[in-house]
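Reading the sequence shown from the start, the letters are residues 0 to 403 in numbering that gives the first Met the number 0.
Glycine is no exception: its CB is placed at the ideal position from the N, C-alpha and C atoms.
Note that the coordinates shown come from a computational prediction; the quantities given were computed from them, not determined experimentally.
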Amino acid sequence: MIDTYPTARLWTEPAAFALLLAASMMVMGNATLSPALPLLAAEFADDPLADWLSRFLVPAPSAAVVIFAPLAGRMADTMGRKPLMLWGVALFAGAGCAGFWLPDLRWMIASRLVLGVGMALILTTQIALLGDLFQGDRRQKMLGFQISARNISGLICISGAGVLATWDARLPFAIYGLAFLFLWVIARGLPDDGATRATPGDQSPAEGDAKPGRWMRSVMIIAVFQGILNMSFFVMPTQVPFFLNSLGVAAPVYAGATLGVMTLAAAIAAMRFAQVSAILSNAGTCVAGFGSMALGYGTLALAPGLEVAMLGATIVGIGYALASPVFAGMMLKAAPLHWRGRASGLLTTATFVGQLVSPALSIPAIQAWGFPVTYGILAVFLLLLAGGWAIWSGLQNAGIAARG
């Protein structure tokens with residue numbers, strides 16, 4: 000099995016590389032079009048709803064993921080992980096590129112919803128396969144690497160889309176053509192029996208203990224924390240340009256630089272997740288992640304200008320990169336092998352619900368209280384969340400010890 004390989008240069012193994020390519024499509028799916036939105040709105044200016052419809056192009060895939068991910072998880076457990084992932088990548092590539100030729104924004108939104116269905120298939124099976132194929136320290140490394148892959152993908156795709164959009168508003172859709180290459184790599188890299196039997200050392204519950212009531216409560220709590228984490232984090236990409244403008248830093252290049260620094264810091268921190276979690280434990284790493292995000296938002300609340308704002312954003316990115324892999328790892332340990340798809344679907348749904356809810360909560364708060372107060376409240380909330388996670392993890396460990 001794959002897990003007998005040494006841990007050195009893990010990401011170069013065919014299955015590992017295939018799963019990291021799959022993970023990278025999460026950010027590629029949503030944010031790639033962001034730089035082109037004003038130009039697309041201008042192209043269809045004759046449509047009275049052009050401004051609203053163009054803005055919906057970015058979150059449309061997330062809405063489809065929220066609806067479809069639970070079904071995708073069930074399909075992953077019953078139909079097999081690899082075939083479902085390949086169908087998802089094919090949908091992602093075809094629907095993503097379609098925007099280059101489609102005649103209006105309504106057809107583009109329809110294609111983005113289909114792309115979201117592909118994302119649901121990809122991300123749900125990707126997490127489940129990661130649990131099937133990797134154990135122990137190798138799994139911890141992969142959990143961190145997938146966060147790095149998402150951040151690096153975002154940095155490359157958004158930057159590339161910005162350059163392409165200067166030539167033509169529709170050229171960023173061509174970036175999705177990369178997924179056709181990904182499809183070939185993933186098909187060759189993943190084993191055909193990845194979800195049929197557990198790897199040696201698999202710590203998930205035995206199939207005899209697979210009644211959902213015995214582990215589903217833990218998975219649901221993990222999913223809630225994952226959703227809250229993403230809700231808190233996505234205040235950054237949705238509000239940073241407006242926050243900097245409130246500080247008198249209006250040029251878009253500075254917003255891009257701030258988010259770029261945050262993304263790079265998150266990618267670097269996630270690569271060290273396995274080492275950090277080995278020292279602090281999963282629970283301690285998650286508490287440190289929430290605490291770091293709280294410190295970052297507290298820094299933003301007090302920021303007088305660009306430099307301190309970039310520092311705060313960097314700290315937020317590091318905290319998110321440390322906390323996020325913990326939830327996927329704990330879910331994979333909690334869910335039995337043949338229920339991992341459904342558990343992964345629940346976690347994927349929670350992730351995207353957090354993204355969708357974030358602006359719905361942050362925008363009214365900022366309008367009512369302003370950026371400093373909102374960021375300060377968020378910092379306090381994250382500190383309380385860190386304490387809540389520490390208490391829950393302690394109770395879980397105490398329960399395991401008592402049963403042992």
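Item	Value
Using C-beta distances below 6 Å, list every residue in its chain close to threonine 3, excluding the 5 sequence neighbours before and after it, in chain order.	Summary for threonine 3: the model assigns pLDDT 43, below 50, so the residue's position carries little reliability, and this model does not support an answer.
Would you identify the three-state DSSP class for aspartate 191, choosing helix, strand or coil?	coil
Residues in its own chain within less than 8 Å of alanine 173 by CB, not counting five upstream and five downstream?	Cys96, Phe99, Leu163
If you check the beta carbons only, do alanine 71 and alanine 119 fall under 8 Å apart?	yes
Using only CA atoms, which one of Ala168, Met141, Pro371, Leu182 lies nearest to alanine 269?	Met141
Indicate whether isoleucine 146 and alanine 367 have their beta-carbon atoms separated by less than 8 Å.	no
How is proline 69 classed by DSSP in three states: helix, strand or coil?	helix
List the endpoints of the continuous alpha helix (DSSP H) containing tyrosine 296.	272-301
State the Cα-Cα distance for the pair methionine 107 and isoleucine 66, rounded to the nearest angstrom.	19 Å
Please name the residue in Ala273, Ile314, Met330 whose C-alpha comes closest to that of methionine 261.	Ile314
At what residues does the alpha helix (DSSP H) containing glutamate 12 begin and finish?	No alpha helix (DSSP H) contains glutamate 12, which DSSP labels as neither H nor E.
Count the other CB atoms within 10 Å of the CB of threonine 298; is the residue buried (16 or more) or exposed (fewer)?	buried
Which residues mark the beginning and the end of the alpha helix (DSSP H) in which alanine 174 is found?	Going by the sequence as given, residue 174 is isoleucine instead of alanine. It is not in any alpha helix (DSSP H) - isoleucine 174 carries neither H nor E in the DSSP assignment.
Give the range of the alpha helix (DSSP H) segment to which phenylalanine 351 is assigned.	339-368
Measuring CA to CA, which of Ala222, Leu258, Leu228 is closest to glutamine 238?	Leu258
If you reduce the DSSP assignment to three classes, tell me which class aspartate 50 lands in.	helix
When the Cβ atoms of the stretch 49-61 are set against those of the stretch 183-190, are three or more pairs found closer than 8 Å?	no
Is it buried or exposed, arginine 8, if we count other Cβ atoms within 10 angstroms and call 16 or more buried?	exposed
Could you pull out every residue in the same chain whose Cβ sits closer than 8 Å to the Cβ of valine 218, ignoring the five residues on either side in sequence?	Met330, Ala333, Ala334, Ala342, Leu345, Leu346
When you compare the stretch 122-136 with the stretch 231-251, are there three or more beta-carbon pairs, one atom per stretch, that lie closer than 8 Å?	no
At what residues does the alpha helix (DSSP H) containing glycine 326 begin and finish?	Note that residue 326 is phenylalanine in the sequence shown, not glycine. Residues 305-333.
Give a yes or no on contact between the stretch 152-162 and the stretch 353-366, applying the rule of three or more CB pairs nearer than 8 Å.	no
Taking the alpha-carbon positions, what's the tryptophan 338 to glycine 117 distance?	20 Å
When the Cα atoms are used, what is the spatial distance from tryptophan 388 to glutamate 42?	48 Å
Which two residues bound the contiguous alpha helix (DSSP H) that contains threonine 237?	234-245
Tell me the rounded alpha-carbon separation between valine 312 and proline 371.	The sequence as given places alanine at residue 312; valine does not occur at that position. When rounded, the distance between both Cα atoms is 14 Å.
Could you work out which residue in Ala282, Leu384, Ile267 is closest to methionine 292 when comparing CA atoms only?	Leu384
Please determine, among Pro34, Leu48, Val223, Thr77, the residue with the shortest C-alpha to C-alpha distance to tryptophan 166.	Pro34
Leucine 32 and alanine 160 - do their beta-carbons sit closer together than 8 Å?	yes
Quick one: grab the DSSP three-state call for arginine 196.	The predicted model places arginine 196 with a pLDDT of 47, which falls under 50 and marks its position as unreliable; any figure quoted below should be read in that light. Residue state, collapsed to three classes: coil.
Could you pull the start and end residues of the alpha helix (DSSP H) that leucine 122 belongs to?	104-132
Alpha carbons only, please: which of Gly255, Asn229, Ser231, Gly226 is nearest the one belonging to proline 240?	Gly255
With tryptophan 100 as the anchor, note down where its alpha helix (DSSP H) starts and where it stops.	Tryptophan 100 -> no alpha helix (DSSP H), and no H or E assigned at all.
Buried or exposed, going by whether 16 or more other CB atoms sit within 10 Å of the CB of leucine 128?	buried
Is phenylalanine 144 helix, strand or coil by DSSP?	helix
Would the beta-carbon of glutamine 225 fall within 8 Å of that of alanine 21?	no
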